[in-house]
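Chains as they are written, first to last, in the working numbering: chain D, -13 to 411; chain V, 63 to 496. From the three backbone atoms N, C-alpha and C, an ideal C-beta is built for every residue, glycine too. These figures come from a predicted structure and were not determined experimentally. The next block holds one structure in the form of C-alpha cells; read it before the comments.
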C-alpha cells in the first residue's frame, strides 16, 4: 500500500495537490489546464504550450530558456495535450533534481516553480501580443506534429477509427487539432485565447517529491495567482450510440494491415460499474493472458500484438491488432467470438483472480512513478469523484463474475476500421 | 555477499558471484511497491558466428535466432510462462538487443515466487518443432510491423549503411526468410552455448531484503547441476574503418521525408573506465553540438530544417560504435549539408565552447539522477555496463572528470568524412492521400 497521501489545497482559480515522498531523486511538478474539447479551439489550444515554452520575459528565446534549464541540472520542461473524455487538457510538466543528491547545489524546486510561473504568466510579448516570429515557427512545428501521425500507421489507424466512430461527437477532434486550421492562427488571436484560458480554464498544480509542504504552498500561492472561476463542464450525453455497425476499409501501401475496432462500453470512470468494466477489459484484451492475445496471437499466429484498452472518460473500448490483409475476416470473426464468450461469462474463476491480481499489480506499479501517480490522481478531477487507491483496490477485488457479465452486455460493437494492404486489388 | 555503498546517492548495492559463475546484484529500494528483476545473458543479435558448446568448428546461425529464442523460451511443455506470472500477479517481458537478451518481470506481490519462476523458466528450455513453426507466424507479423515503421527503417538503414561485415547491420528480428531456417535443434545449440550462468547476470531492484533474496537465489542455483563452462568463442569478420554505403534513399509510404546521418566510430575492444570515458565524452560532444540549448539547434529550428522529431544519440559496445543525428525534415539536402558542416567544423575545434560543456555536464548529471527513479533503468543499464566491465555508478564521477580537451579529442576521433553516411526515407511518388 503506498504511504503517499495527496493533500489538496484549494485556492482561487487553482488547486494545489501535494504528495510528499522520499522515493525519488527528483521533484515533479505538473500543471494541468482543462477545458472542453471543441473543434473551434483545439488547434489554437494545441499551439499554446509550445509558444509559452519558446520565450518568456526573462528568457527571451527558447535557447536561453533551455540553457537555464540545463544549468538547473537538466530540469525538464515539457508541454503536451491529452484528451480526457471530451476535455482537452494541457499539461506542462517539470522534473527537477533534488539537490540533496548533488554536491554543492542551490535549492532547485523553488527555481523550478518560479520558472513554471514565468512560462505561464510572463510569456515574451511584442506590442502586447505573442512574438510573431515565435508563433510562426511553432505553427510550423505543430503542422509537422499533426502530419507525423500519417507516417505512423498504428497511430494513424487509431486516429482514423476515432474520426469515423465519433464523427458527430467532439471526441473526434484530434488532440493536436487540424492541419487546415494552423495557418490561419494569428499572434493576436492566440494571445486572446491565452487570456481566455487564464480567466476561464480549470487549473490544477501537482507537486510530488521530498518537499516541505508548508513552504511549497506559500511559494505556490505567491507565484500562481488566478481569479476565481466556475470551470466549464462538457455537455452530457453526446454519445452517438444508436448507430448501425459501421465498417471502414482504407487501402494503403503497408506490409501489415492494422485492424482497429471501437466499442461503446456505456460506462465511464467514476461510475460504480467501471470497476467491473476494468476487469472485463483485463480478461478480454488487457494482458498477455487475455482472450485476444491467446486466441488471435497464440492459437492462430495471426498477429504479434492483439489487445484492447479503455478510453475511461469517454466510455469506449478500443481493440487493436496488426495482421496480414488476407486474414481480415478471420481476425474479425475471432474477436467477435471472444467478445460473445466474455458476454456469456465464458471464463474461469482462476482467470478472474489472475486478472484482478495483474490489474492490482499494474496500478501499484503506476503509483511508483511520479508522473503515473499524478495521472491517477487527476482522474478524480476529471470525474469529480474521489476514488482513493485503497477504495479502488477494494472495489476491484469485490467484482463478481455476474457483474462482469452484466457490464459486458452493455458493450456495443460500433466501428471496424481496417487499414488494408494493397493485396488483392 | 559484498555491500557497496553510494553515500551521495543514498543507495546500497549487494553483490555476489555464485559458484556456478552467475553474477547477482540486489539494490533495495525502500518506499517502492514494485520489485523489478532482469535475468540477462550476454548474447544478442550480433552473436551469430561462434563455436557451439562441445564442438570445435565455428558455425553461422540464421539471422534473428537470438530474438527467436527469446520468444520460444516462454513456452513450456505444459503451457506459457506468461500465464504463470499472471497467476502470481506479475507482468513479464523480454527483449533482445545487439548484445544482450534479457528476461524480466515486475510485481508488487509474491516476489519470491516470481523470482523463482523467472530463474527457472530461463534455465529450463523446451523447444519443439511444432511450437517453433507456430512462432514463425507471430514473429513474421512482428517483422512486418517494423517494416511499416519509417523511424525504425531509418535507424536500421543508417546502421546498415555503416557496416560492411559486422552483424550489427542485421535487423535484430531477422527477416521472414531467415527465420524460416530456424529449427529446434539450432535453438538448443544457441541456448546451451550462451545461457550458462557464467555468461549471465541477475539484477533485482525493489523493496526486498538483500540477504533473504540472495539466499533464495543461491538455494535455487545449488539445486541445478551447472558445471564450469569453457570460454565462449565468438567471431566477427574484419570490419573496415570506412562506411559500406555513403548514401541511400528508401522510398516509403510516408508524407514527411526523414534523414539520418551516421558517424561510424572506430573505438573497438574498449571496456571499463576507458569505454565509459569515450562513451560519455562522445555523448557530451553531441549534446553540445545539437542539444536544445545549442546555437546550432536554434539555427536549424529557425530555418525550419528540424522539428521536435530531431534526435541525436551515441551507442557503443565492444565491437562497434556509432553516432546518429537526424529526424523529419522538409528539406533533407539542406539539413544533411548543414549537419555535416557542423560536424566537420567541430572536428577542427571551431564551434565548441567550454561554457557549453559545463552546462551539458550538469544536464547529464541531472538526467542520470532522474533515471535512478526508474527500477527498469537501473537493472537494464547496470547490466549493460557490467557486461562491458563498466560501473553504472561511476557515471557522475566520470562526467565530473571529463575536460574540454577530452571532448575536443572526441570530436577529432568520432568525426571523419570517410566514416559518415546518410540514410533517407523519402515519400513514394504516389503517396497515399487521406
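Out of the options, point me to the one whose CA is closest to residue i's CA.
i                      : options                       : result
residue 236 of chain D : D:104, D:165 and D:150        : D:150
residue 295 of chain D : D:173, D:380, D:310 and D:279 : D:279
residue 40 of chain V  : V:87, V:416, V:367 and V:381  : Nothing about residue 40 of chain V can be read from this structure; chain V reaches only from 63 to 496.
residue 85 of chain D  : V:64, V:111 and V:432         : V:432
residue 258 of chain V : V:291, V:178, V:481 and V:467 : V:291
residue 13 of chain D  : V:309, V:268 and V:429        : V:429
residue 402 of chain D : D:379, D:347, D:319 and D:337 : D:319
residue 141 of chain V : V:211, V:193, V:375 and V:437 : V:193
residue 376 of chain V : V:468, V:286, V:400 and V:476 : V:476
residue 135 of chain D : D:152, D:115 and D:165        : D:165
residue 363 of chain V : D:127, D:173 and D:284        : D:127
residue 3 of chain D   : D:333, D:200 and D:344        : D:200
residue -8 of chain D  : D:374, D:378 and D:273        : D:374
residue 457 of chain V : V:63, V:467 and V:440         : V:440
residue 142 of chain D : D:238, D:346, D:394 and D:380 : D:238
residue 117 of chain D : D:184, D:46, D:95 and D:183   : D:46
residue 261 of chain D : D:390, D:227 and D:-3         : D:390
residue 241 of chain V : V:332, V:133 and V:153        : V:133
residue 395 of chain D : D:74, D:326, D:303 and D:314  : D:326
With the cut-off set at 8 Å, would you say residue i and residue j are in Cβ contact?
i                      : j                      : result
residue 355 of chain V : residue 52 of chain D  : yes
residue 17 of chain D  : residue 78 of chain D  : yes
residue 161 of chain V : residue 104 of chain V : yes
residue 413 of chain V : residue 307 of chain V : no
residue 30 of chain D  : residue 120 of chain D : no
residue 183 of chain V : residue 138 of chain V : yes
residue 256 of chain V : residue 294 of chain V : yes
residue 324 of chain V : residue 221 of chain V : yes
residue 69 of chain D  : residue 168 of chain D : no
residue 26 of chain D  : residue 157 of chain D : no
residue 138 of chain D : residue 317 of chain V : no
residue 163 of chain D : residue 48 of chain D  : no
residue 59 of chain D  : residue 102 of chain D : no
residue 246 of chain V : residue 159 of chain V : no
residue 187 of chain D : residue 20 of chain D  : yes
residue 74 of chain D  : residue 255 of chain D : no
Name the chain D residues whose beta carbon is nearer than 7 Å to that of residue i?
i                      : result
residue 478 of chain V : Neighbours of residue 478 of chain V on chain D: none; closest Cβ ~28 Å, over 7 Å.
residue 94 of chain V  : 9 and 354
residue 533 of chain V : No answer is possible for residue 533 of chain V: the residues shown for chain V start at 63 and end at 496.
residue 145 of chain V : 275
residue 229 of chain V : Near residue 229 of chain V there are no residues of chain D at all, since even the closest Cβ is about 23 Å away, more than 7 Å.
Residue i touches chain D at which residues, Cβ-Cβ below 8 Å?
i                      : result
residue 260 of chain V : Correct list: empty, because the minimum Cβ distance to chain D is about 31 Å.
residue 457 of chain V : Chain D residues near residue 457 of chain V: none, gap ~13 Å exceeds 8 Å.
residue 152 of chain V : 344 and 347
For residue i, verify whether its CB is less than 7 Å away from any heavy atom of the ligand ATP.
i                      : result
residue 388 of chain V : Absence of the ligand ATP from the depicted structure is noted, as is the absence of any ligand whatsoever, leaving it without description.
What residues of chain V sit near residue i, judged by a beta carbon separation below 7 Å?
i                      : result
residue 308 of chain D : 203 and 207
residue 31 of chain D  : Simply none; closest approach about 17 Å.
residue 77 of chain D  : Within chain V, no residue comes near residue 77 of chain D; the closest Cβ sits about 16 Å away, beyond 7 Å.
Starting from residue i, find everything on chain V with Cβ-Cβ shorter than 9 Å and list it in chain order.
i                      : result
residue 28 of chain D  : The contacting residues do not exist; residue 28 of chain D stays about 18 Å from chain V at best.
residue 150 of chain D : By Cβ distance, chain V contributes nothing, its closest Cβ being about 12 Å from residue 150 of chain D, past 9 Å.
For residue i, which residues in chain V fall below 8 Å Cβ to Cβ?
i                      : result
residue 232 of chain D : Under the 8 Å cutoff, chain V gives no residues; its nearest Cβ is about 18 Å from residue 232 of chain D.
residue 59 of chain D  : 424, 425, 427, 428 and 431
residue 141 of chain D : The contacting residues do not exist; residue 141 of chain D stays about 11 Å from chain V at best.
What in chain D is Cβ-close to residue i, meaning under 9 Å?
i                      : result
residue 171 of chain V : 343, 346, 347 and 350
residue 246 of chain V : Per Cβ cutoff of 9 Å: no residues; residue 246 of chain V is ~17 Å from chain D at best.
residue 200 of chain V : 283, 284, 287, 288, 289 and 290
residue 445 of chain V : None at all; the shortest Cβ gap to chain D is about 20 Å.
Kindly give me the distance between the Cβ atoms of residue i and residue j, rounded to whole angstroms, as I take these residues to be in contact under 8 Å.
i                      : j                      : result
residue 305 of chain D : residue 246 of chain D : 7 Å
residue 67 of chain D  : residue 124 of chain D : Incorrect: roughly 14 Å between the Cβ atoms, too far for contact.
Would residue i pass as an interface residue toward chain C - the criterion being a Cβ-Cβ separation below 8 Å?
i                      : result
residue 123 of chain D : No chain C is part of this structure, whose protein chains are labelled D and V.
Validate contact between the region 250 to 263 of chain D and the region 139 to 148 of chain D using beta carbons, cut 8 Å, 3 pairs: Look at the beta carbons and you see the region 250 to 263 of chain D not touching the region 139 to 148 of chain D: under three pairs across the two are nearer than 8 Å.
Given 8 Å, three or more beta-carbon pairs between the region 160 to 173 of chain V and the region 87 to 101 of chain V: With three or more CB-CB distances shorter than 8 Å, the region 160 to 173 of chain V counts as touching the region 87 to 101 of chain V.
Segment contact flag, the region 263 to 273 of chain D with the region 200 to 215 of chain D, C-beta cutoff 8 Å, min 3 pairs: The region 263 to 273 of chain D vs the region 200 to 215 of chain D: no contact.
Any 3 or more C-beta pairs closer than 8 Å across the region 369 to 378 of chain V and the region 477 to 489 of chain V: Because the criterion of three Cβ pairs below 8 Å is not met, the region 369 to 378 of chain V and the region 477 to 489 of chain V do not touch.
Segment contact, 8 Å Cβ cut-off, at least three pairs: the region 229 to 238 of chain V with the region 117 to 130 of chain V: Yes, the region 229 to 238 of chain V touches the region 117 to 130 of chain V.
Stretch-stretch touch, CB-based, cutoff 8 Å, three pairs: the region 267 to 287 of chain V with the region 202 to 210 of chain V: The region 267 to 287 of chain V makes no contact with the region 202 to 210 of chain V; the number of CB pairs closer than 8 Å stays below 3.
Cβ contact check for the region 29 to 49 of chain D and the region 97 to 112 of chain D: 3 or more pairs under 8 Å: The region 29 to 49 of chain D, when compared against the region 97 to 112 of chain D, does touch it at the 8 Å Cβ threshold.
The region 264 to 276 of chain V touching the region 77 to 90 of chain V, judged by at least three CB pairs closer than 8 Å: A contact is defined here as three or more CB-CB pairs under 8 Å, and the region 264 to 276 of chain V meets this definition with respect to the region 77 to 90 of chain V.
Contact the region 335 to 347 of chain V vs the region 445 to 455 of chain V: 3+ CB pairs below 8 Å: Contact between the region 335 to 347 of chain V and the region 445 to 455 of chain V is present, because at least three Cβ pairs lie under 8 Å.
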